[in-house]
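Presented below is the structure to which this report refers.
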Amino acid sequence: MSKILIRGAKVLGGAPQDVLIDGETIAGTGAGLSAEGAEVVEAGGKVLLPGLVDLHTHLREPGREDSETVLTGTRAAASGGYTAVFAMANTFPVADTAGVVEQVWRLGQEHGYCDVQPIGAVTVGLEGRKLAELGAMHESAAGVTVFSDDGKCVDDAVIMRRALEYVKAFGGVVAQHAQEPRLTEGAQMNEGVVSAELGLGGWPAVAEESVIARDVLLAEHVGSRVHICHLSTAGSVEIVRWAKSRGIQVTAEVTPHHLLLTDELVRTYDPVYKVNPPLRTERDVMALREALADGTIDIVATDHAPHPHEDKDCEWAAAAMGMVGLETALSVVQETMVDTGLLDWAGVADRMSVKPAQIGQATRHGRPVSAGEPANLTLVDTEYRGLVDPAGFASRSRNTPYQGRELPGRVTHTWLRGKATLVDGKLT
Ligand SMILES: [Zn+2]
9 MSKILIRGAK VLGGAPQDVL IDGETIAGTG AGLSAEGAEV VEAGGKVLLP
59 GLVDLHTHLR EPGREDSETV LTGTRAAASG GYTAVFAMAN TFPVADTAGV
109 VEQVWRLGQE HGYCDVQPIG AVTVGLEGRK LAELGAMHES AAGVTVFSDD
159 GKCVDDAVIM RRALEYVKAF GGVVAQHAQE PRLTEGAQMN EGVVSAELGL
209 GGWPAVAEES VIARDVLLAE HVGSRVHICH LSTAGSVEIV RWAKSRGIQV
259 TAEVTPHHLL LTDELVRTYD PVYKVNPPLR TERDVMALRE ALADGTIDIV
309 ATDHAPHPHE DKDCEWAAAA MGMVGLETAL SVVQETMVDT GLLDWAGVAD
359 RMSVKPAQIG QATRHGRPVS AGEPANLTLV DTEYRGLVDP AGFASRSRNT
409 PYQGRELPGR VTHTWLRGKA TLVDGKLT
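Each residue of the sequence shown is one higher than the one before, starting from 9 at the first, in my numbering.
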């Protein structure tokens, strides 16, 4: 059956209406649409959003299939309401050639739970010394437009300048993991009161902020686009706000965990809270929420970073950095942004679908929920409240900081080009 009638859905949180999908396309929206020849999904007042788009996902394949694969990662994405993810380049081998990005792109096409757009490395082997084949990756079947050494910072100013100049030629963007390496040697957590008390190596805010300040100035000098990954400090927000007021082409993302969690949690010494950039202070969290609400921060990106049990189940200093995020992102955003009155559902659609699709040039995603548009959609039961149980995750990894925590909202359905990938909370 190629027709699906979604009955009584609050599109972007508005008044309930019907949405008819025909094949891969939205055929119509409105009240009392005919269900003739269509499978009916009773939305019952759930919120319908354009399929979410994640600009920052670690799918780990090739090379770390013990953490995640393109299949398990895209299944996790579909469970979380995503219809497209951008796969970070820090795989083994690194996605720094046309061959590797095409491999990831093909795996995404084969597995089909969501669209996979590979991100290319900025430098060969993420080593920060020599520019990778940016043009060849852009011209490959994968059509790469976003480049990042994420996990590592492009700390050499000349390399960063050249990368910005190079991507400008085809309208690409460099996504920077802003971390001054010398200022963060041996860093284990945010530098502040808690790190001093615990005696753990501190990660100062200025290590992030100084790189962002340099990069927005470089972007202005070159006239190119820079995207800042996972902003985590109030000072970073101020720099991006200043840069935007000058007309600099900068966009920025925040992760769900930086909108909710603080460095106080490190007192538990539970490595599930160890992440890069580190959890910061309550003041930073509040500044990040405000900046996401007022548009200074453009998007939410998960930085979904799966790790196998053995890499997290060890003492703090030895544990890997990162958290899984695809399956809880929307719930954390509801908790921190919607239920607090900072964003409405149209705002969530903008920050989690429309804008990330625009930054990454995923032109078939982040579209309006209206006739003629691709049927990439997600249906959310916003009234639901439940405890996070990682045993039910589709991801191969379980390193979530929310285990046992009550969070609002549950994605019940996801459609990718009119084909259901998630039905009643179960993957198809
Ligand atoms: Zn990063």
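For glycine and all other residues, C-beta sits at the position ideal for the given N, C-alpha and C.
Which partner residues does residue i have in the DSSP bridge list?
i    : result
T91  : In DSSP, T91 forms no bridge with anything.
F155 : G128 and V182
W250 : Partner(s): none; W250 has no beta bridge.
Q25  : A17
R428 : At residue 428 the sequence reads Ala, which differs from the Arg that was named. According to DSSP, which records beta bridges pairwise, A428 is partnered with W423.
N198 : W211
R393 : P416
A6   : The requested residue 6 is not part of the displayed model; the chain covers only 9 to 436.
Given a cut-off of 8 Å on the beta-carbon distance, is the pair residue i and residue j in contact?
i    : j    : result
A428 : L57  : no
V130 : V162 : yes
A309 : L67  : no
Q125 : A84  : no
D352 : G21  : yes
T80  : S403 : yes
R15  : A51  : yes
V262 : A251 : no
G133 : V102 : yes
A183 : C237 : yes
G210 : A195 : yes
T386 : V419 : yes
So, under 8 Å CB-CB, residue i and residue j are touching, yes? Tell me the CB distance rounded to an integer number of Å.
i    : j    : result
V396 : T336 : 6 Å
F3   : V154 : Within the shown structure, residues of the chain are numbered from 9 to 436, placing residue 3 beyond reach of any answer.
L430 : S10  : The pair is not a contact, with the Cβ atoms about 18 Å apart (cut-off 8 Å).
R169 : V230 : 6 Å
D104 : G136 : Contact doesn't hold; Cβ gap of about 12 Å is too wide.
A186 : D223 : 7 Å
P285 : S240 : 4 Å
Y90  : L60  : 4 Å
H266 : V293 : 7 Å
T37  : V19  : 7 Å
G255 : Q342 : About 33 Å; that fails the 8 Å criterion.
A215 : E188 : 4 Å
Three or more C-beta pairs below 8 Å linking the region 35-47 and the region 76-86: no
Cβ contact check for the region 374-392 and the region 234-249: 3 or more pairs under 8 Å: no
Closer than 7 Å: residues whose CB approaches a heavy atom of ligand 1: D158, G159, H185, C237, H238, N284 and D311
Any 3 or more C-beta pairs closer than 8 Å across the region 288-297 and the region 327-342: no
At least 3 beta-carbon pairs within less than 8 Å: the region 345-365 vs the region 293-313: yes
Cβ pair count under 8 Å reaching 3, the region 193-203 against the region 265-277: yes
Inter-stretch contact (C-beta, 8 Å, three-pair minimum) for the region 293-302 and the region 315-328: no
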